[in-house]
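In my numbering, the protein residues as written are -9 to 511. By construction, the Cβ of each residue, glycine as well, lies at the ideal position given by its N, Cα and C atoms.
Structure follows, in structure tokens:
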């Protein structure tokens, strides 16, 4: 908490005189939280760029006469993008507003706006398929704090800290033991016998010096695309330090994002002078140009390069091409078969007038002897009141995102994929249905996958099929922070030629859902 206060004081001193446009905060990078927002952004006449996420609030442009299917949806949308009002002086009214309607603590002096909210995930469950002798209760205990603020109207900041202890279902525990990280949440240490203790933090400062340009420095995640998955860049892995510039030009038709990030491989460097050697590092520079060609067609061009910043001899000289802001120059100059690893891609969204959205991605990795390609095709349908339907297909050919015998050029961070959680060489079909009535909500989801899996304690690999059925029912306690009570179930079956692993996890939780965590692998 002391560190957070110090950050706020420094920011205030540096930028105490800013004036300008509107709050520069990001919308939370959480699919279910943003369903109502997505419906507004996908309206036929909306001109918001949606495929570079998280979306900056000051860059939202929607039709003022949105055709909402219910008053609840309209209110939720307004809650998500507006400030909390000042709190009443009466204690009981203050508590009611804080717990059920708005941010917990609010400071608003006109030029300075600050909110503070607790973060939690108290989840308890049981795997009815686990008949092992050392079977243990499954639970997650997460406590945290979220601090957000605006200084003037050009500058915003946010800090979130999570501390967790978890006992996962067996398939997740196996994944954590293999990778050394909790999915999407960073490194772990052992907790009791089969549990894990891990911390997770994110932060950013966001500054818009002129109306068409936003600059951000932070530690977080990003997502490129309009689907449930992304084959270009997703929020599957844990946070990474980044510097990002977003510019809008051409009367709002074009949005360009330049992202530079520092990534980590969880392999130790050779022993040095410190007691514990540092982990190997690499860099990523990403360019994404999105074009709103018409009211109904969005086209995005993507390029990402992994820069090898060290080798067996030590740290390599800084490669200034990492700073290059022009798309595809890095790919043209590094090629696909040199020391640095580039992938390129295409993202397309088509908005149809009958509340249907089609989307597509192509990723191309040409550094292998044989061309490696990934494809995504999907649709969303909003035509039934309070209901969102989504279907998606993903396929990626072998060795895409990878470099033979050189993990310092792989498209990974903290032993996790930067795109799809399956990594490479897979096929997947996803179907999702979301329904929300006032504060009640439900989701049903199915994942069907085919991929190659390694057999534990063996060098052998097998073809595997995966079926994941997930459903939950919940009630939103506070729509401002997405604090919800949820009961749900996950049924997972993974089959190979020699084994069949089953999970039937039933749980209930109370949590603030402001981030995506992917356990459907």
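query	result
Whether residue 46 touches residue 38 by CB criterion (7 Å)	no
Local conformation of residue 314 per DSSP, three classes	coil
C-beta contact flag for residue 132 and residue 174 at 7 Å	no
Buried or exposed (CB count within 10 angstroms, at least 16 for buried), residue 200	exposed
Given residue 142 as reference, the closest of 13, 84, 179 once Cα atoms are compared	13
Enclosing alpha helix (DSSP H) for residue 87 [first to last residue]	81 to 90
Minimum C-alpha distance to residue 426 - residue among 115, 438, 462	462
Residue 281 - partner residues in DSSP beta bridges	244, 289
Sufficient close CB pairs (3 or more, under 8 Å) joining the segment 335 to 348 to the segment 381 to 397	no
Cβ neighbours of residue 166 in the same chain (closer than 8 Å, five flanking residues each side left out)	158, 172, 173, 178, 186
Residue 36 to residue 283 span [Cα, whole Å]	13 Å
Cβ pair count under 8 Å reaching 3, the segment 183 to 197 against the segment 226 to 240	yes
Coil, strand or helix - residue 48 by DSSP	helix
Bridge-paired residues (DSSP) for residue 339	288, 349
Cβ pair residue 443, residue 460 closer than 7 Å	no
Residue burial classification, residue 411 (beta-carbon count within 10 angstroms, cutoff 16)	buried
Contacting residues, own chain, Cβ-Cβ under 6 Å from residue 233 (five flanking each side not counted)	207, 250
Residue 214 beta carbon less than 7 Å from that of residue 278	yes
Uninterrupted beta strand (DSSP E) stretches inside the segment 406 to 430 (no shorter than 3 residues)	416 to 427
Separation of residue 257 from residue 88, as counted between CA atoms	45 Å
Length of the line joining the Cα atoms of residue 148 and residue 183	35 Å
Between the CA atoms of residue 120 and residue 128 - distance to the nearest angstrom	11 Å
First and last residue of the uninterrupted beta strand (DSSP E) at residue 511	It is not in any beta strand (DSSP E) - residue 511 carries neither H nor E in the DSSP assignment.
Residue 274 classed as buried or exposed, judged by whether at least 16 other C-beta atoms fall within 10 angstroms	buried
Those runs of the alpha helix (DSSP H) which lie wholly inside the segment 155 to 199 and span at least 4 residues	160 to 169
Environment of residue 144 [buried if 16+ CB atoms lie within 10 Å]	buried
Sequence-distant residues of its chain with Cβ nearer than 7 Å to residue 210 (five each side left out)	192, 194, 229, 232
Close Cβ partners of residue 7 (< 8 Å) along its chain, the five nearest in sequence each way excluded	Caution is warranted here: a pLDDT of 31 is assigned to residue 7, below 50, making its placement in the model unreliable, and the coordinate value is therefore given only provisionally. For residue 7, where only same-chain residues beyond five positions count, the Cβ hits under 8 Å are 142.
Nonlocal neighbours in the same chain, by C-beta distance under 8 Å from residue 305, ignoring five residues either side	299
Residue 11, DSSP secondary structure in three states	Only weak support exists for where residue 11 lies, its pLDDT of 43 falling under 50; the coordinates are left without a value.
Proximal residues to residue 11 (C-beta, below 7 Å), its chain only, five neighbours per side dropped	Residue confidence is low: residue 11 scores 43 on pLDDT, short of 50, so the model does not pin down where it sits. No coordinate-derived value is stated.
Inter-residue Cα distance where the pair is residue 450 and residue 490	16 Å
Nearest-angstrom Cα separation, counted from residue 287 out to residue 111	39 Å
Residue 213 - partner residues in DSSP beta bridges	43
Segment limits, beta strand (DSSP E) that includes residue 386	377 to 386
Where residue 29 falls: helix, strand or coil (DSSP)	helix
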